[in-house]
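At position 49 of the sequence shown (counting the first as 1) the number is 49 in our numbering, and the numbers step up by one without a gap.
We treat Cβ as the ideally placed atom computed from N, Cα and C, and that holds for glycine.
Model, not experiment: these values are computed from the prediction.
One structure is given below, encoded as structure tokens.
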Amino acid sequence: MWKHALLGLCLSVVITIPATGQQISCSSLERFGRATFAMADRNGNGVVDEAEFASDVAAGFVGLDSNLDGWLEPSEVTDVERDVFVRPDVDRDGHLSFVEVMCMKMAEFRRADTNQDGVLIVEEILRFNAAQSPGC
Ligand SMILES: [Ca+2]
Ligand SMILES: [Ca+2]
Ligand SMILES: [Ca+2]
């Protein structure tokens with residue numbers, strides 16, 4: 001669970017589309033956002049900077065890459081809907097490389113950083129996650 005949760009902060013789309021295909025509730029989404037934020041904030045200073053975010057993405061990637069070949073295949077992310085999986089697959093080869101995931105997640109970091117101060121506070125994460133999840 002927490003392997004996926006780690007990537008949850010980064011792969012925010014993952015947490016809105018769990019295995020059941022049902023959207024999780026808004027309150028669960030918020031709890032999840034706070035929990036993943038706390039884990040990503042390694043030095044506990046109340047903000048997640050780019051380095052902390054990148055290491056969270058890297059940890060999440062490694063957690064999902066079960067054969068440790070540096071690529072994510074559909075079989076390794078079974079609880080992710082196909083369209084979610086395809087989205088960051090920029091070269092459409094059906095596999096996600098570490099670079100593809102990292103590029104996408106750093107782009108999300110910048111989108112989530114609404115005040116553009118280079119760090120994310122929990123409210124920015126919650127707002128970003130809610131924006132990905134219709135109805136929240
Ligand atoms: Ca921090
Ligand atoms: Ca792999
Ligand atoms: Ca910010």
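Would residue i and residue j qualify as a contact pair, given that the criterion is a beta-carbon distance under 9 Å?
i	j	result
Val57	Val101	yes
Val48	Leu120	yes
Gly94	Pro74	yes
Glu50	Asp41	no
Please go through the same chain and pick out, in chain order, the residues whose beta-carbon is closer than 7 Å to the beta-carbon of residue i, but skip the five residues on each side of it.
i	result
Glu76	Leu64, Asp65, Ser66
Ala112	Leu120, Glu124, Ile125, Phe128
Ser27	none
Closer than 8 Å: is that where the CB of residue i sits relative to any heavy atom of ligand 3?
i	result
Gly118	yes
Asp113	yes
For residue i, which residues from the same chain have a beta carbon less than 6 Å from its beta carbon, with the 5 sequence-adjacent residues on both sides left out?
i	result
Val62	none
Gly70	Phe98
Is any heavy atom in ligand 1 found nearer than 8 Å to the beta carbon of residue i?
i	result
Val122	no
Report yes if the C-beta of residue i is less than 8 Å from at least one heavy atom of ligand 2; otherwise report no.
i	result
Glu100	no
Alpha helix (DSSP H) runs wholly inside the region 44-74, at least 4 long, in chain order: 50-64
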